[in-house]
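Protein chains in written order, with my numbering: chain A, 1 to 307; chain B, 1 to 250; chain C, 1 to 509.
The beta-carbon is built from N, C-alpha and C at its ideal position, and this holds for glycine as well.
Here the structure is laid out as structure tokens; the discussion comes afterwards.
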Amino acid sequence: MEIEVDGLRKQYGQVSALDGVSFTVRPGLVTGFVGPNGAGKSTTMRVILGLDAADGGRALVGGRPYRSLRDPLRAVGAMLDASAVHPGRRGRDHLLWIANAAGLPKRRLNEVLEQVGLAGGAGKRRVGGYSLGMRQRLGIAAALLGDPRILMLDEPVNGLDPEGIVWIRGLLRSLAAEGRAVLVSSHLMGELEDTADRLVVIGRGRIIADTSVPELLAAASGGRVALRTSAPADAMAVLSRAGGTVASVGTDALTVTGLGAEATVAALGASRVPFTEVSAHRATLEEAYMELTRDAAEFQAAPGGAA
Amino acid sequence: MTRELHAEWTKLRTLSSTAWLLLATCALTVLVGALVTAGTRASDGPQDLPKLVLGGVQYGQATMVVLACLVVGAEYGSGTIGPTLVAMPRRLRVFAAKSVVVSGLACVVGVLGVVGSLLVGRVVLSSDGFDSFPLTDGSTLRAAAGTVLYLGLIALLSLGLATALRDSGVAIMVVLSVLYAVPVLTRLLSSDHWKWRLEKYAPMKAGLSVQATKNLAALPLSPWHGLGVLALYALACLCLGALLFRWRDA
Amino acid sequence: MSTLLFRQVRAEWTKLRTVRRWMLTLLAAAVAMVVMTLLGAAGGSVQHAGGPGDVPPKGPDGKVVRDAFQFVHQEMNGDGTITAHLASLKSLVEDGAPRAKTEPWAKAGIMVKDGLEPGASYVALLSTVGHGVRLQNDFSHDKAVSASGAWLRLTRAGSRFTAYVSSDGTTWTKAGSVTVRGITANAQVGVFSTSPQHSEFERNIGSLGVTDVPAHGVGTFDNVTVTGGIPGKWTGTAVGHSPVFDIPGVGHPGSGGGGGGSSGVKDGSTIAAGMITVTGSGEIGPRPRGSDLVQQGLQGALFGLLVVVAVGSLSMTSEFRHGLVRTTFTALPRRGGVLVAKALVLGTTVFVLSAVALAVAFPLGQSKMRASGFRPPGFPKWGLSDPTALRAIIGSALLVALVAVLAMALGAVFRHSAAAIALVLVVVLVPQILAGALPLGAARFLLSVTPAAGFAVQQSEPHYSFTSDLCLPDDGCYPLSPWAGLAVPCLYVLGAMLLAWWLLRRRDA
């Protein structure tokens, strides 16, 4: 079972929230859905779940619109907003009504509470007294309740402590390993670096990348070469002549674009310019993401400010 | 629709405010009815006794309105509308389930309140020096059953409006204003013609004409017609709520 | 302190101003006030035969009054004294054969009056069937002076009138004195008797049936002496119409029976062997509560109030719901100050808005009502320049503002808009409805101790308790005087603010 999103468009007044969003979430993989705040991640997920209607395009779950599913909770488990719980209700009761809505047996409550680490007394307490992390776990428990083929989690890492973050990464991986399709959104690429198999990057309502993690990194590295030399001025002159674009990034450090490591070494050797280190530059996922979303960020920090 | 009903019933059952509001509805109905009855003396002249005794529902309905508005308003307030519609994407069924559960509860509480009011009221009446009234009389039964239905209809009206407005506070304000402000306004109106119209078409006045057992000819509307007017209001609010609930983004 | 409060006020004003929904709601409240005032004023009509002969009398202060009684009088020039022994005072209620009922406000006594025209200035020392001995003058002034006392004496010295009461005619106690300047040297003095109609009420939830039965007061006097002036001859006169003026808009269904009486009792007087018997009917006092055009012209305030309740409570509860309160309290850690600043901003905004809306609506509503028949001479003409109308408008705006602040404070107490809104509406509206169902005493109590008492500020005339007129909540009468009434919601606001302040300090944000 997979999620197919095809050409979604949605306007809020003058603002275009989704502008032709298309991607696919495949079974057995964790798909990371990243983009800056306000890029359209939550809106896309709400449209997939039939909460909001798109102005154009379609979102299908297992080939059907969500609102026509017979047994929606067995198909999709979703957590959009961990705080969307009535504070006056006990945690267990919150799961109970969802189980009743899906016609699930009561034993599932204990199973999922166990699974998310809320077994014991926590389920019997009112949600109003939960910490953010506990609400997050409760929301995930609700998503797991129907043993769904697809999981959709919106910012599941928010409010979790480091231990919780490790736990959720393991959980997502194991769910995917069981052959489920997992869609996880985040506005921080680093959170997904070790978890996601595929990445869908969204910015200003448009998909700007739909790729695997290694491909993305390679693209972001762009064949740059880092060079350390005691004679940067000579090196710059030689390499420019050889056809590279050279930028100084420190007193004795340069980056070279457009030549590749081998050609760089050859050019420097031919001109006898001394160097201590030449290495292919490896971009981090964070850098790649910043590169991609630079123009797409809704809230751009002023130049000089911390981004 | 069983699953939707089951889920909505679980939601209501698992909030302690539900029990308190239901209890308050019942208690207010009985207590205010007894208070008003106790304040009336036989020497004050002839009275419509069942109507007098059942008068407490005018105040008991306030907490019922709060409950009905919270049933949907609190979902928007706390955001559970999201999980609700993810778990039950067929929105009209959800809305119908909510209506059934809320009006059902209102009727159960209404029965308790009405029976309590009648029993307590008869005791109070005898101490006031009134001749009591027969409980099984046709018109008394109509007043009693009508009062129960009245409470149910008020609950549905509130539910419909709260769904349309998506905010329990604002919905409570609108419903209570419509119910209570219109009678207050009626007192001050200079025109008898308008007074008559308002008495006839104001939801509370019209609906409560079902409580009358005497001088039916003098009423602007006959008992069942009056309740019918309220039912039309409730239906209109429900339809509005259902339409918006179905077509609007959650 | 002041700069801090100023900063807090500015912060709160910015918060209120920048939520477009609230500003729109407040504007809607203002519009609702205007529209509902006009609707309330529309459609009314009054049938007033309206010949010049029907012009009701006006008292010394120009207000419409009731002045109808049987008077046995002679002229007294300059200073002097009148003394009389009220041998008996009976109330005759024309209600079937067994005359068991009495009208407690049937009265008889001695009077000095500036001529026989209805509405002329007067001073009277009178005994009532059910309310003791009272010293009254010029229709709206009353003082209970004694529980009983059959011997009555009034002494005039210039414009100073002194009343004495005695139980045996020999030992006199001073009961009180008043200064009345409207009585010329050539005054009429004598004994009088009268009785208002006897009213019976059938009150039901939401309905009121009133039956007025004609009634007469019969006073029998002996030992009537007048000193000063010229010893004259007693003359009997029926002052004014009887029993009441048909003031349009006044009187209940079923009223209007002639004072002449169908059961054979006739108003009049007999003088024989030093005994003067006076039978009279009517009332001496201010114009009864009828259509209060000022109150009717401010009905929009009620609707504005309802809308404003929502804004008031949401302005507080939304802070809790969205966690904004943490930001607020971090930026301005003095929580009490935040509460006061919120109250000031909300109260002032709502007050200004309501005052403007009502000041716009009031003249329009009045001219509408005048057009449908509520016009002089039967009704006073109200404009913005009348202090009474101005008081009612300002007071109504204050009331709306107070209720908004009450909703805000309760929002801080409950941290839940539904609870705050429901509670405010219940304490403001339900007493007014419940009052129609409860016994009069309980109803008046309810309208004096709940915030609903504040609506008294809309009344152009206070309720005078010394007449037979009842303050019926069904007629929109509030028992307290205007400002005392407005003080009641003030106290509630104060209480709610203190509670909110205490809870805000105690609870975690």
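Here W501 (chain C) is buried, its C-beta having at least 16 other C-beta atoms within 10 Å. In this structure, the CA atom of G88 (chain A) is about 43 Å from the CA atom of T136 (chain B). Among the CB atoms of chain B, none fall inside 8 Å of the CB of F414 (chain C).
No Cβ of chain C is located within less than 8 Å of the beta carbon of L244 (chain B).
Against chain A, the CB of L221 (chain B) has no partner CB under 8 Å away; the residue lies outside that interface. Secondary structure at V129 (chain C): coil, using DSSP grouped into helix, strand and coil. In the DSSP annotation of this structure, K58 (chain C) is not part of any alpha helix (DSSP H), being labelled neither H nor E. Taking the CA atoms as reference points, L188 (chain A) sits about 33 Å from D71 (chain A). Apart from the 5 residues on each side of it in sequence, A206 (chain B) sits with its Cβ closer than 7 Å to the Cβ of K200, L221, G226, V229 and L230 in its chain, given in chain order.
Per DSSP, reduced to three states, the secondary structure at T184 (chain C) is coil, with no helix or strand assignment. A direct Cα-to-Cα measurement between E262 (chain A) and V249 (chain A) gives close to 20 Å.
In chain order, S78 and T80 make up the part of chain B whose C-beta sits under 7 Å from the C-beta of V85 (chain A). A direct Cα-to-Cα measurement between P148 (chain A) and K15 (chain C) gives close to 44 Å. Taking 7 Å as the Cβ-Cβ cut-off, the stretch 75–103 of chain A approaches chain B at A78, L80, D81, S83, A84, V85, H86, P87, G88, R89, R90, D93, L96, W97, I98, N100, A101, A102 and G103, given in chain order. Beta-bridge partners assigned by DSSP to R198 (chain A): A:T31 and A:S212. Using a CB distance below 8 Å, the part of the stretch 53–66 of chain A facing chain B consists of A53 and Y66, ordered along the chain. DSSP places P286 (chain C) in the strand class (E or B) of the three-state scheme. Among the CB atoms of chain B, none fall inside 8 Å of the CB of S315 (chain C). Distances from the alpha-carbon of A288 (chain A) to those of A:P232, A:G63, A:L216 and A:L259 put A:L216 closest. Residues are counted here when their Cβ sits less than 7 Å from a Cβ of chain A; for the stretch 11–33 of chain B these are K11, T14, L15, S16 and S17, given in chain order. In the structure shown, the three-state DSSP call for K381 (chain C) is coil. Beta-bridge annotation (DSSP): Q70 (chain C) is paired with C:S193 and C:A238. Nearest to M134 (chain A) by C-alpha distance, out of A:A218, A:R26, A:M290 and A:L160, is A:L160. Against chain B, the beta carbon of L69 (chain A) has neighbours under 8 Å at P89, listed in chain order. Three or more Cβ pairs closer than 8 Å define a contact, and the stretch 23–32 of chain A falls short of that threshold against the stretch 115–130 of chain A. Under the Cβ criterion of 8 Å, G50 (chain A) is counted among the residues facing chain B. If you look at W13 (chain C), you'll find it in the alpha helix (DSSP H) that goes S2 to T18. A Cβ-Cβ contact shorter than 8 Å links R287 (chain C) with R66 (chain C). As DSSP reads the structure, K200 (chain B) sits in no beta bridge.
The C-beta of Q299 (chain C) comes closer than 8 Å to at least one C-beta of chain B. For S126 (chain B), the closest C-alpha among the options B:R246, B:T40, B:L156 and B:L165 is that of B:T40. Look at the beta carbons and you see the stretch 441–452 of chain C touching the stretch 488–503 of chain C: at least three pairs across the two are nearer than 8 Å. In the DSSP assignment, R156 (chain C) falls within the beta strand (DSSP E) that extends over W151 to A157.
Between S132 (chain B) and the set B:F245, B:R246, B:L52 and B:T2, the nearest pair of CA atoms involves B:L52. Short of 7 Å from the beta carbon of R17 (chain C), and not among the five residues preceding or following it, lie these beta carbons of its own chain, in chain order: M23.
Nearest in C-alpha terms to A143 (chain A), of all of B:T25, B:W247 and B:T84, is B:T84.
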